[in-house]
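Counting in the numbering used here, the sequence shown runs from 270 upward without gaps.
For glycine and all other residues, C-beta sits at the position ideal for the given N, C-alpha and C.
For clarity, every value in this text was computed on a predicted model and none was experimentally measured.
Before any comments, here is the structure.
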Amino acid sequence: MMPTQPAATPAPIHDIAGPVWIFPYPVWGVIGAGVLLLILLGIAVWFLRRKPGPRVLTARQRALNAIAAFRAKGAEADAYEFGVKVSDALRTYIRDQYGVDAVTRTSVEFLDVIRTNAVFTANEKAAISEFLESVDLMKFARQTAGVEEITQLLDIAARVVNGEQSAGAAK
Numbered sequence: 270m271m272p273t274q275p276a277a278t279p280a281p282i283h284d285i286a287g288p289v290w291i292f293p294y295p296v297w298g299v300i301g302a303g304v305l306l307l308i309l310l311g312i313a314v315w316f317l318r319r320k321p322g323p324r325v326l327t328a329r330q331r332a333l334n335a336i337a338a339f340r341a342k343g344a345e346a347d348a349y350e351f352g353v354k355v356s357d358a359l360r361t362y363i364r365d366q367y368g369v370d371a372v373t374r375t376s377v378e379f380l381d382v383i384r385t386n387a388v389f390t391a392n393e394k395a396a397i398s399e400f401l402e403s404v405d406l407m408k409f410a411r412q413t414a415g416v417e418e419i420t421q422l423l424d425i426a427a428r429v430v431n432g433e434q435s436a437g438a439a440k
């Protein structure tokens with residue numbers, strides 16, 4: 270038989286290092302994702318902290334608020350001041366709601382315009398005519414008005430704004 274040589278002892282291996290960790294994503298991708306995340310976070314914070322703007326009132330709501338303010342003044346209101354302001358409130362409502370220029374026209378001109386306008390019913394036209402006649406007396410003839418007459422005019426204005434059909438329903 271052949272003589273066997275003893276097995277050689279292996280030399281120690283010192284040049285093999287452990288596994289090397291490699292980042293799985295490119296650095297530019299990580300930086301871009303971080304910037305995008307910060308932008309999205311900033312937008313989210315901005316939307317959450319942002320206060321909603323003032324609520325936009327419709328022409329009807331503005332007119333009803335003005336009528337309620339005049340009604341709250343009640344007997345304290347000067348007839349002339351009342352006539353000017355409540356007439357302006359109703360005329361502004363009609364202009365904004367129906368597109369009829371009521372603010373820059375005289376009462377007679379305005380009544381001529383709405384006479385042929387199909388938007389207003391006959392009762393509404395009569396109520397507007399009665400309202401403008403009474404208010405014009407307060408504004409131009411400086412006629413005094415009692416609490417009852419002021420309340421009646423406010424009721425007429427409220428009915429016109431609310432679009433109620435009967436001009437004499439609350440009398």
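Would you mind giving the Cβ-Cβ distance between D357 and S376, rounded to the nearest angstrom? I have them listed as a contact below 8 Å. The Cβ separation is near 12 Å, so there is no contact.
From G301 to V289, what distance separates their C-alpha atoms? 25 Å
Sort K408, S403, G311, A410 by Cα distance to E418 and report the nearest one. S403
Span of the alpha helix (DSSP H), counted from its first residue to its last, around Q366: 348-367
Taking only heavy atoms of the ligand GTP into account, decide whether any of them is closer than 6 Å to the Cβ of A328. The ligand GTP is not part of this structure, which contains no ligands at all.
Would you kindly work out how many angstroms separate the C-alpha atoms of A427 and V325, rounded to a whole number? 20 Å
Got a sec, what are the start and stop residues for the alpha helix (DSSP H) N386 sits in? Premise fails: N386 is in no alpha helix (DSSP H) and is neither H nor E.
Quick check on this structure: which residue in L305, V353, A338 has the alpha carbon closest to the alpha carbon of F409? V353
Taking 7 Å as the threshold (C-beta atoms), are V372 and R360 in contact? yes
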